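Trainee: With positions in the sequence shown counted from 1, the corresponding number in the numbering used here is that position plus 9.
Okay, here's the structure, questions in a sec.
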Amino acid sequence: MKFRIIARLDIKKDRLIKGVHLEGLRVVGDPLERALKYYDQGVDELLLIDAVASLYQRNHLTEVIQRICQEIFIPVTVGGGIRSIGDAQALFDAGADKVAINTAAMADPGLLEQLSRRFGAQAVVLSIQAKKHPEDSSRWVAMTDNGRESSRRCVGDWVAHAQNLGIGEILLTSIDQEGTAAGYDIDLIQSVAAITTAPVLASGGFAISEDALRVIQAGAQAAVIAQALHYDKLTITQIKQDLLTNNVAVRQSDLSANTVVEC
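Below, the structure written as structure tokens:
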């Protein structure tokens, strides 16, 4: 299986935003413009998160998804405010390929089973927002409501339970590292990868290509990147070339020839 590079777009209404530790959000551009830019660079997938969905109890990205999916042809995962089969269906109808669930799954784990039976496990992503335990640095607490509320449940326990409910992947975001450009939380990734067979998508802290190499060694199957791309510190093309140089199998697009080369 080839390692994936996933661009994360946190969206408020119709604007692309970015913060640190999921807070202090600032506008950084237009989501459609950035989606097309990363698509042209050869990104493998897009992750769209409604950053304010928890405040309004629903996802507002239907129109944005429709616009993006008319222009790009790679998998799109959508998260934020998905609380029912109907919510997920609306996003799939708009063009999403997968939905990422956090807060609603924590409140009702049975929702994961319902979604899996209806749409298939491959379309269900368990989103985990992890924060270091205040009294034990070897453990992490699963947070909800875009990192604002503690579930009082350890990440390891939650993963062990949820992976049996029909999930295709785990989107693992370190709140402590998110937006810091200080590297991923490798200990967190290793701890989760060791107890699940579901692919782990590492999110929070990417700064340089070596960070992607570290998450591969930690057991992740994808690097989720936001800040480094939004602020043009690196391109998808550069990251993939660096990975190829280090003998990592990635999917490369030869855009000039409009073909895909499997490396």
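C-beta: ideal position from N, C-alpha, C; glycine also.
None of these values were measured; they are calculated from a predicted model.
Kindly indicate which three-state DSSP category GLY95 falls into: helix, strand or coil?
Mentor: Helix.
Trainee: Give, in chain order, every unbroken run of the alpha helix (DSSP H) that is at least 4 residues long and sits entirely within the region 33 to 72.
Mentor: List check, alpha helix (DSSP H) in window: 40 to 50, 62 to 65.
Trainee: Among LEU18, GLN138, ALA116, MET152, which residue has its Cα nearest to the Cα of SER93?
Mentor: For the residues LEU18, GLN138, ALA116, MET152, the minimum Cα distance to SER93 belongs to ALA116.
Trainee: Using 8 Å as the cut-off, can you tell me whether the region 97 to 107 makes contact with the region 152 to 166, which would need three or more C-beta pairs spanning the two stretches below that distance?
Mentor: Verdict: no, contact absent.
Trainee: Does the beta-carbon distance from ARG60 to LEU238 come in below 8 Å?
Mentor: Per the sequence shown, the amino acid found at residue 60 is Ala instead of Arg. Not a contact, by the Cβ cut-off of 8 Å.
Trainee: Please say whether PRO84 and GLU54 have beta carbons closer to each other than 8 Å?
Mentor: It is a contact, given that the beta carbons lie within the stated cut-off.
Trainee: DSSP three-state call for LYS107: helix, strand or coil?
Mentor: In this structure, LYS107 counts as strand in the three-state DSSP scheme.
Trainee: If contacts are defined as beta-carbon pairs under 8 Å, then ALA211 and LEU181 qualify, I think. What distance do you get, rounded to the angstrom?
Mentor: ALA211 to LEU181, Cβ: 6 Å. Contact.
Trainee: Any contact between the region 119 to 131 and the region 194 to 203? By contact I mean 3 or more CB pairs, one from each, below 8 Å.
Mentor: Too few Cβ pairs lie closer than 8 Å, so no.
Trainee: Could you give the residue range of the beta strand (DSSP E) that holds GLN138?
Mentor: Start and end: 133 to 142.
Trainee: Could you tell me if the beta carbon of SER159 falls within a distance shorter than 7 Å of some heavy atom in the ligand HEM?
Mentor: With respect to small molecules bound, the structure shown includes none, and the ligand HEM cannot be examined in it.
Trainee: Check each candidate in LYS141, ALA44, GLY119 and name the one with the smallest Cα separation from THR244.
Mentor: The shortest Cα separation from THR244 among LYS141, ALA44, GLY119 belongs to ALA44.
Trainee: Where do the ends of the alpha helix (DSSP H) carrying ALA114 lie?
Mentor: 112 to 116 is the extent of the alpha helix (DSSP H) around ALA114.
Trainee: Can you look up LYS249 in the DSSP assignment and give me helix, strand or coil?
Mentor: Three-state DSSP puts LYS249 in a helix.
Trainee: Applying the criterion that 16 or more other CB atoms from any shown protein chain within 10 Å of the CB defines a buried residue, is SER265 buried or exposed?
Mentor: Only weak support exists for where SER265 lies, its pLDDT of 36 falling under 50; the value from the coordinates is given anyway. That one is exposed.
Trainee: Are the Cβ atoms of ALA227 and ALA191 separated by less than 8 Å?
Mentor: No, Cβ-Cβ distance for ALA227 and ALA191 is not below 8 Å.
Trainee: Check for me: the beta strand (DSSP E) holding ALA171 runs from which residue to which?
Mentor: Unbroken run through ALA171 is the alpha helix (DSSP H), 164 to 171; no beta strand (DSSP E).
Trainee: DSSP three-state label for GLY119, please.
Mentor: In this structure, GLY119 counts as helix in the three-state DSSP scheme.
Trainee: To the nearest angstrom, how far is it from the Cα of VAL270 to the Cα of GLU158?
Mentor: Bear in mind that the predicted position of VAL270 carries a pLDDT of just 37, short of 50, making it unreliable; the figure below should be weighed with that in mind. Straight-line Cα distance between these residues: approximately 44 Å.
Trainee: Identify whether GLN79 lies in helix, strand or coil by the three-state DSSP scheme.
Mentor: Three-state DSSP puts GLN79 in coil, outside helix and strand.
Trainee: DSSP puts LEU181 in a beta bridge; with which residues?
Mentor: Paired residues: ILE137, ALA211.
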